[in-house]
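Comments concern the structure below.
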Amino acid sequence: MDKLNLRGIDPRILKLRQLTVLEMSKNRLKILPRQLSDLPLKQLNLSSNQIDSLPPYVADGPWADSLIYLDLSDNQITHLPEDMWSCASLRSLKVSQNKLIGLPCASFARHRHIMHIHAQNNQMNCLPLAMTKQLKLATFDLSNNPFSNLATDPNSIPIRVSLCGDLISLKNLSSLQLVRSKK
1260 MDKLNLRGID PRILKLRQLT VLEMSKNRLK ILPRQLSDLP LKQLNLSSNQ IDSLPPYVAD
1320 GPWADSLIYL DLSDNQITHL PEDMWSCASL RSLKVSQNKL IGLPCASFAR HRHIMHIHAQ
1380 NNQMNCLPLA MTKQLKLATF DLSNNPFSNL ATDPNSIPIR VSLCGDLISL KNLSSLQLVR
1440 SKK
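Heads up: the sequence shown at position 168 corresponds to 1427 in the numbering used here, and the numbers run straight through without jumps.
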């Protein structure tokens, strides 16, 4: 259901109780209906829509236990709900090209399965400390964010790189992109 200029999700789709993959990118969605979280989705792609916020029930319902891949990139989202990390099965989160000023971190440390976070091209200026303690992260793309706490001279970066946290503790990290992040 990509590229159909849809402004809403057809109620008949919300009744498909066995639906595990929903692709609705490149539409005109602004609001996520409550019933969407009742589906046992494993993959949800809502990229390139007009979503500006996520409702508080985003981590409720069956998808909180089943959702593995969530793509919310290229929307207008300014913040993610703190309970975003309650989606216990979530492995990959794409929130690039939004207006995020930060990532929720209070409950992040309890999330043990997230492996990929793509949050490039947002408005973040500081990386929450809790994010640096996630040992399973394999990809953490934060490029093109206006970080205000990065050293200007590469020679002045201490052994413990500070992005509001200690990146040395990311033992499984195989890819960290901070390309064109502003100082």
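Ideal Cβ placement from N, Cα and C applies to all residues, glycine included. Just so you know, these numbers come straight off a predicted model, no measurement behind them.
Under 8 Å between C-beta atoms of residue i and residue j
i	j	result
L1305	D1269	no
P1292	P1321	no
M1383	A1397	no
Q1379	K1358	no
L1339	I1376	no
R1266	L1281	no
T1337	I1310	no
M1343	V1317	yes
L1303	L1326	yes
C1385	F1367	no
D1324	S1348	yes
S1312	K1285	no
Residue i, DSSP secondary structure in three states
i	result
F1406	coil
A1323	helix
M1343	helix
Counterpart residues of residue i in DSSP-defined beta bridges
i	result
L1250	This structure leaves residue 1250 out entirely; the chain is present only between 1260 and 1442.
Completely contained beta strand (DSSP E) runs for the region 1265-1318, where each covers 3 or more residues: Fully enclosed beta strand (DSSP E) runs of 3 or longer: 1280-1282, 1302-1304.
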